[in-house]
Amino acid sequence: MVIPPFARSPVPRPLSSREHHGCAARAAEPPPVIRTNHQRVQVGMTFGSEEEDKEIKPFECLDVSCNGRVICAGSQLVKDDAFLVFWDQKMPKPLGGYWNSHTEDITQVKFHKEKPETLATGSSDGLMNIFNITEPTEDDALIYSLNVENSVEKLSWLDDKVAAVITQSNDLQTWDTEAGDMLRSYSRDKVAKSIKRSKHDDCYLVDAFTARDGAHVLLAGSYGGDGSCLRSVSLGDKKLRARTALRGNTQTVSCSWYQQDKDILVTTGEGGVISVWARPPSPAAPAVEKLTIRESKKGAHRHKPY
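So the sequence shown is numbered by the numbering used here: it starts at 347 and just counts up by one.
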């Protein structure tokens, strides 16, 4: 399968002509218009599902390759199949798809940060799969199928070859994706101790990332008390080391985003607050600074983002 218009394009397995797996995308005609108070935004292309039996294939997750060319989405399990579907971001028609590598809902798809052909996927079936999507078939593309032995909640690339996995039971694993070996496993109770929590059942894991100083970092919190506990720890060779206490957190955090070049962490969660965390400009300043943006739940001028 040759995919124009660019060279070295990822070549996912072609979709079956038998059923198209519910992945035929469509261009919106006319494109829907999104209105806000300040601008008019037009959606020029819609990637969706259309097939004769109208069976919807709900997508659980998506990601875009580091060069911005390829979109990949992972679906829920429908009639014993879970699908990875690929699009060129300039064309609504799918490039192709994989459907044999996972047997439960696909919960995570993460392209490598620097290699657009490398894709990691995670599923409720307990597998993390590593693909080279430039290969012509799904079997050839699958480099490793790694048994996490638990449902995958979160995937993240820590460096060129190390991927971090957070499981449904709030354990953390790191894997060498080139050798196919588990490097470290940190149980929930170990994480709880590292953030100085006595009840490990209250501990939850948010995400893992690589800090500006090169350290591999885990962000974790606790449901206990007022739910404000939020801390980061460094992943050592044998144990977790306390790193930062994010004082001033007011909510259970559900997701985060880290900008490495500016050393900025953004968190949000159940309290409806977006917090931007940055290190102070001088040693005399507090350990962590926090900016919050919160939409009033009772305000008369509530705005919808789209």
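Even glycine gets a Cβ: it sits at the ideal position worked out from N, Cα and C. Bear in mind the structure is a predicted one, so any value in this text is a computation, not a measurement.
Simplified DSSP assignment, three categories, for residue i
{"i": "Lys500", "result": "strand"}
{"i": "Ala373", "result": "Note on Ala373: pLDDT 35, under 50, position unreliable in the model; the coordinate value appears next. In this structure, Ala373 counts as coil in the three-state DSSP scheme."}
{"i": "Asn383", "result": "With a pLDDT of 47 at Asn383, under the threshold of 50, the modelled position of that residue is not reliable, and the figure given next carries that caveat. Note: Asn383 maps to coil in three-state DSSP."}
{"i": "Val619", "result": "strand"}
{"i": "Arg648", "result": "For Arg648, the predicted model reports a pLDDT of 44, less than 50, meaning its position is unreliable and no value from the coordinates is stated."}
{"i": "Lys643", "result": "Low per-residue confidence applies at Lys643: pLDDT is 40, beneath 50, and the placement is therefore not dependable enough to give any value."}
Limits of the beta strand (DSSP E) - the one that residue i falls within
{"i": "Glu406", "result": "Phe405 to Val410"}
{"i": "Lys485", "result": "What sits at residue 485 in the sequence shown is Asp, not Lys. That residue, Asp485, is in no beta strand (DSSP E); its alpha helix (DSSP H) goes Glu484 to Ala487."}
{"i": "Ala554", "result": "Cys549 to Thr556"}
{"i": "Tyr604", "result": "Val599 to Gln605"}
{"i": "Ala588", "result": "Leu586 to Ala591"}
{"i": "Ser578", "result": "Leu576 to Leu581"}
{"i": "Ser568", "result": "His562 to Ser568"}
{"i": "Ala509", "result": "Val508 to Thr513"}
{"i": "Asn475", "result": "Leu473 to Asn478"}
{"i": "Thr467", "result": "Thr464 to Ser469"}
Limits of the alpha helix (DSSP H) - the one that residue i falls within
{"i": "Asp522", "result": "Asp522 -> not in any alpha helix (DSSP H); beta strand (DSSP E) instead, spanning Leu518 to Asp522."}
{"i": "Arg534", "result": "Arg534 to Ser540"}
Whole-Å CB distance - residue i paired with residue j, under 8 Å assumed
{"i": "Val511", "j": "Val537", "result": "So it is not a contact: roughly 13 Å between Cβ atoms."}
{"i": "Asp451", "j": "Glu499", "result": "About 11 Å separates the two Cβ atoms, so there is no contact after all."}
{"i": "Arg534", "j": "Asn516", "result": "4 Å"}
{"i": "Leu586", "j": "Leu564", "result": "7 Å"}
{"i": "Asp609", "j": "Arg577", "result": "Actually they do not touch by this definition, with Cβ atoms about 17 Å apart."}
Practice item. Could you say if the stretch 504-518 and the stretch 545-557 meet the contact criterion of at least three C-beta pairs nearer than 8 Å? Key: Counting C-beta pairs closer than 8 Å gives three or more between the stretch 504-518 and the stretch 545-557, which meets the contact rule.
Point to revise | Meets three-Cβ-pair contact criterion under 8 Å: the stretch 538-549 and the stretch 596-613 | key: Between the stretch 538-549 and the stretch 596-613 there are fewer than three C-beta pairs closer than 8 Å, too few to call the two in contact.
Check your understanding: Can you list, in chain order, the stretches of the beta strand (DSSP E) that have 3 or more residues and sit fully within the stretch 404-457?
Key -> Fully enclosed beta strand (DSSP E) runs of 3 or longer: 405-410, 416-421, 430-434, 440-444 and 452-457.
Exercise for review: Take every Cβ of the stretch 456-463, pair it with every Cβ of the stretch 436-443, and state whether three or more of those distances are shorter than 8 Å.
Suggested key: With fewer than three CB-CB distances shorter than 8 Å, the stretch 456-463 does not count as touching the stretch 436-443.
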